[in-house]
Amino acid sequence: MKRTLEGLDLLRGIGIFGVIALHGAFYHFPGLYALDLSNPPPVVTAIGFLLMFAGLFGLLSGLVHGLSHLRRAADPDFRPGRALGRGLAAGGFFLVVAYAYFNLTGPGLVHLSEGYMDESVLVHLVRTGTLAAPSLDRLLYVDALVMIGVNLILLSLFWAAYGKLAPRLPAGLRAHVPGIAGLAVLLLSLLRLPLYPVYLDAVAAKDWPLALALNWLVNKNNPVLPYLAFGLLGAWCAALLASPGGFVRLRRWVLPAGSVLLAAGVALYVLLPESMLQRAIDGQWYAIMVLQSGLFLLVVLAFLRAVDFHRDGSDKTTATPAAPLARYLRRFGVAGLTAFFLESVLSEAVYGILARVFPGFSPGLSGALLFGLCLAVAWGFLLIPWARTGYRFGIERAYAAAMRPFGGSRKADKLAAASRRAEAVPPPAPEG
17 MKRTLEGLDL LRGIGIFGVI ALHGAFYHFP GLYALDLSNP PPVVTAIGFL LMFAGLFGLL
77 SGLVHGLSHL RRAADPDFRP GRALGRGLAA GGFFLVVAYA YFNLTGPGLV HLSEGYMDES
137 VLVHLVRTGT LAAPSLDRLL YVDALVMIGV NLILLSLFWA AYGKLAPRLP AGLRAHVPGI
197 AGLAVLLLSL LRLPLYPVYL DAVAAKDWPL ALALNWLVNK NNPVLPYLAF GLLGAWCAAL
257 LASPGGFVRL RRWVLPAGSV LLAAGVALYV LLPESMLQRA IDGQWYAIMV LQSGLFLLVV
317 LAFLRAVDFH RDGSDKTTAT PAAPLARYLR RFGVAGLTAF FLESVLSEAV YGILARVFPG
377 FSPGLSGALL FGLCLAVAWG FLLIPWARTG YRFGIERAYA AAMRPFGGSR KADKLAAASR
437 RAEAVPPPAP EG
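Using this note's numbering, the letters of the sequence shown map in sequence onto residues 17 to 448.
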């Protein structure tokens, strides 16, 4: 089994590049509040759908965490208690970063009906020059990083229980336990439909014990129901890869399962009333979650096949350097968390400069998309020289340091490898 699955880094990099581009476009489109949500432009619907792709990162984190756990569990000196502590520490680290991100530097919460954007502290400071405390909505919001942190904690508890249960199960069933659990959580996520109004009523009534009990479970935007399901499906992929048969077994199971989930989600989406841009928690929201669970499984399978494995399951060689575009995007997959953390503040600063240099600067939809794309491309070129330092001072380096007392992290190896690659491969010359 390969130590590093470069296809996952590439896929994560494409995802983070896309998030930076879409955030830059969406949050700086002046016509945002004038949109007719009953008949939006197709590109706006597409952006809305793509901005709901946090489940992909949930699946990837579940897969990577699962592979790390299973590799350690195969060691004769494996200590379950230490593995659990490592997972809890990793989840705790992400939660600290998550709340710092969303309240200090993260993107706005858009209130379309009221026509305003609830901004993070530093974004508001850059835009207005004034400090303002984060709102209650921001403090309670379950963003993608909160979801990853919570998932890591719950997945660590899952693997601890799995270690005790698996030896009692038939050998052929053991690798499927995470997948069965993931489908069960996906089905249980229907409970979010009635529970979300209960949560809103609890917040409005300041019933904080009930509100806090339900917050991570059902609140917008990426709660345990259903996003733990994405993490468990990623863990299923890890268990299949680590089992006899490896990638061939993964393909044999994930291809039909992903296809069925995708088809079921599409069918539900088409049959149920349109509500995506209203961001309602209803049947169509659930259809999107089912659709995405299948889609993300198939996308992960495709990237592993294209980058890491031959059809027969043998490893593809990594001796040949990747194409320049793949290297460029993969940097986002290795050190994109820092870019993700800072992108909203820097995009607001760049937009403010453009507005001052060009009075009346107000891009249309095409201009906003171009603005977001240029921001993401610029971030990619900033990562090139930074890679030479092993991404010094980045959040990824802090994570590697935090995991050192628990036996280290593959992230440290990737950061060091990025530095070696940057020294061995000269950066591409700028065009023109």
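Using N, Cα and C, we set each Cβ at its ideal position, and we do this for glycine too.
Check	Outcome
Identity of the residue in 321, 106, 158, 95 nearest residue 119 by Cα	158
Backbone CA spacing between residue 174 and residue 70 [nearest angstrom]	21 Å
Ordered list of alpha helix (DSSP H) runs contained in the region 280 to 318, each at least 4 residues	none
Residue 20, buried or exposed, once every other Cβ within 10 Å from all chains shown has been counted against 16	exposed
Bridge partner(s) assigned by DSSP for residue 133	126
Three-state secondary structure (DSSP) of residue 55	coil
Residue 261 versus residue 249: straight-line alpha-carbon distance, rounded	18 Å
Three-state secondary structure (DSSP) of residue 1	Nothing can be reported for residue 1: it is not among the residues displayed for the chain, which extend from 17 to 448.
The region 131 to 139 touching the region 72 to 88, judged by at least three CB pairs closer than 8 Å	no
Cβ-Cβ distance between residue 251 and residue 78 below 9 Å	yes
Paired residues, beta bridge with residue 33 - DSSP	Partner(s): none; residue 33 has no beta bridge.
For residue 66 and residue 282, the rounded distance between their alpha carbons	15 Å
Meets three-Cβ-pair contact criterion under 8 Å: the region 144 to 161 and the region 375 to 388	no
Beta-bridge pairing of residue 158 - partner residues as DSSP gives them	237
Beta-carbon proximity of residue 97 to residue 166, cut-off 9 Å	no
Classification of residue 55 by the beta-carbon crowding that lies within 10 angstroms, buried from 16 upward	exposed
Whole-Å CB distance - residue 349 paired with residue 26, under 8 Å assumed	6 Å
Three-state secondary structure assigned by DSSP to residue 325	strand
Residue 94 burial status per 10 Å Cβ neighbour count (16 or more: buried)	exposed
Backbone CA spacing between residue 143 and residue 45 [nearest angstrom]	15 Å
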